[in-house]
Amino acid sequence: MEELQGPLAGVRIDEGRLVCVDQGAQVLAWQPAGARPVLWVSPAARYEEGRSVRGGAPVCFPWFGVGRGEPHEPVHGFVRTAPWERVAGDETHVEYRITDATTGAQPRWPHSYSATLRASVTPDSLRIELEVTNTGDEEVSFENAIHSYLAVGDVERVRVEGLDGAEFDDYVVGGSGKQVGDLVLEGHTDRVYRSAADVVVTDPTWERTLLVHKEGSANTVVWNPWREHATDMDDVPADGWQGMLCIEAANARDDAIFLAPGKSHVLAQEIALR
Ligand code: TA6
């Protein structure tokens with residue numbers, strides 16, 4: 074494990090193949106030996122305190138997007154840009170922790186909690202776990218997501234298998250829909266699927282297949298801004314949308330987690346080269 078030198082503190086493990094920054098406990102890179110990067114980071118990403126780096130696997134908690142009901146700020150919750158404490162690590166894993174003692178009074182979510190992020194690698198897989206414990210004395214509810222940006226050769230040629238028959242909320246056209254067959258993206262896509270199933274991402278351009286396994290996740294979020302929205306973001310180049318596809322393990326909206334005092338919940342996502 075080596076300390077990451079640069080504007081954001083962090084670590085490189087597995088001979089530098091896995092990179093994680095302390096801010097947001099955000100995995101930024103995973104590139105197995107002999108393979109192309111599996112996680113995408115924007116070439117125009119900005120590495121600034123208080124700003125989530127565009128790419129890798131940001132941690133969304135205790136809400137997803139703008140949350141439920143009244144829109145919440147910051148988008149995707151307040152731990153994504155907060156300083157997590159690195160509590161363990163070696164050449165195959167790193168572990169971070171954050172609690173309400175760090176994030177302080179949060180009017181939108183005034184609860185006592187402890188969150189642990191574990192990232193671990195094998196030669197051909199990356200596992201990211203977000204464990205949340207209710208350390209208060211009343212039931213809490215929250216949303217969460219591991220907002221993974223997969224690197225792909227050309228998103229227009231990618232197929233996503235495993236969502237067939239799943240209902241989804243469509244944040245592009247509004248309303249809901251039901252997936253028929255494999256998902257092939259044809260434009261701006263922003264969907265929260267009600268599916269706990271694994272998905273298989275086939276990437277013909279890079280001649281590879283990624284298996285995305287989930288645990289403790291009722292939802293799969295699929296997002297790509299496409300050409301028309303890539304330029305909405307100052308940290309995504311105009312053509313950046315073609316090389317990325319977000320496949321996120323999540324619990325959002327009606328699938329928010331309810332946790333009794335003292336109880337814990339684990340959300341996990343495992344990405345494996347097939
Ligand atoms: O995961 C999908 C999504 O909720 C999209 O609506 C889009 O906003 C994306 O997250 C990125 O959010 P960010 O706050 O990182 O720009």
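Each residue of the sequence shown is one higher than the one before, starting from 74 at the first, in the working numbering. All C-beta atoms, glycine included, are put in the ideal place defined by N, C-alpha and C. Treat the numbers as computed from the prediction; the structure is a model and nothing was measured.
Go ahead and pull the three-state DSSP assignment for residue i.
i, result
"Trp296", "strand"
"Ala174", "helix"
"Gln252", "coil"
"Gln99", "strand"
"His220", "coil"
"His166", "strand"
"Arg119", "coil"
"His184", "coil"
"His302", "helix"
"Asp263", "strand"
"Gln342", "strand"
"Val273", "strand"
"Glu280", "coil"
"Arg127", "coil"
"Arg191", "strand"
"Asp243", "strand"
"Val233", "strand"
"Val228", "helix"
"Arg347", "coil"
"Arg326", "helix"
"Gly83", "strand"
Please confirm whether residue i and residue j have their CB atoms less than 8 Å apart.
i, j, result
"Asn297", "Glu216", "no"
"Gly129", "Leu112", "yes"
"Arg170", "Ala188", "yes"
"Thr293", "Glu321", "yes"
"Val225", "His184", "no"
"Met306", "Gly162", "no"
"Arg181", "Arg326", "no"
"Ala118", "Val126", "yes"
Cα separation between residue i and residue j?
i, j, result
"Arg267", "Leu236", "9 Å"
"Ala241", "Asp328", "The residue you asked about is not Ala; residue 241 is Phe in the sequence shown. For Phe241 and Asp328, the distance between alpha carbons rounds to 12 Å."
"Gly313", "Ser115", "7 Å"
"Val228", "Asn207", "39 Å"
"Leu101", "Gly248", "33 Å"
"Asp173", "Val160", "16 Å"
"Pro144", "Leu77", "35 Å"
"Val148", "Thr195", "32 Å"
"Asp308", "Ala218", "21 Å"
"Leu318", "Glu259", "12 Å"
"Pro110", "Trp136", "28 Å"
"Ile330", "Phe134", "11 Å"
"Pro80", "Gly238", "44 Å"
"Tyr186", "Leu332", "10 Å"
"Ser221", "Trp157", "18 Å"
"Arg230", "Leu199", "24 Å"
Please tell me whether residue i has its Cβ less than 8 Å away from any Cβ of chain C.
i, result
"Ser185", "Going by chain labels, chain C is absent from the structure shown, which holds only one protein chain."
I'd like the list of long-range same chain contacts for residue i, defined as Cβ closer than 8 Å, with 5 residues on each side in sequence excluded.
i, result
"His261", "Val245, Asn297, Pro298, Trp299, Glu301, His302"
"Lys336", "Thr206, Asn207"
"Gly316", "Trp113, Ala224, Val225, Gly226, Asp227, Val228"
"Ala311", "Arg300, Ala303, Thr304"
Can you list, in chain order, the residues of its chain whose CB lies under 7 Å from that of residue i, leaving out five sequence neighbours each side?
i, result
"Thr176", "Phe151, Val152, Ala155"
"Asp210", "Pro334"
"Asp197", "Pro105, Ala345, Leu346"
"Ala108", "Leu346"
"Ala269", "Lys287, Ser290, Ala291"
"Val272", "Val233, Glu234, Gly235, Leu236, Val285, Thr293, Ile320"
"Val132", "Gly97, Ala98, Gln99, Val152, Arg153, Leu190, Leu203, Ile219"
"Gly138", "Val148, His149"
"Tyr120", "Gly79, Pro80, Leu81, Val126"
Note down, in chain order, each residue of its chain lying with its Cβ closer than 6 Å to the Cβ of residue i, except the 5 sequence neighbours on either side.
i, result
"Arg232", "Asp255, Val257, Thr275"
"Arg90", "Gln104"
"Val92", "Arg85, Leu101, Ala102"
"Arg264", "Phe241, Asp243, Val295"
"Ala82", "Asp95"
| field | the region 162-178 / the region 242-255 touching (three or more Cβ pairs under 8 Å) | value | no
| query | Between the region 76-92 and the region 270-282, do three or more beta carbon pairs fall short of 8 Å? | reply | no
| query | Three or more beta-carbon pairs under 8 Å between the region 337-344 and the region 190-206, yes or no? | reply | yes
| task | Indicate whether the contact test is met: 3 or more Cβ pairs, each with one atom in the region 146-163 and one in the region 89-100, closer than 8 Å. | result | yes
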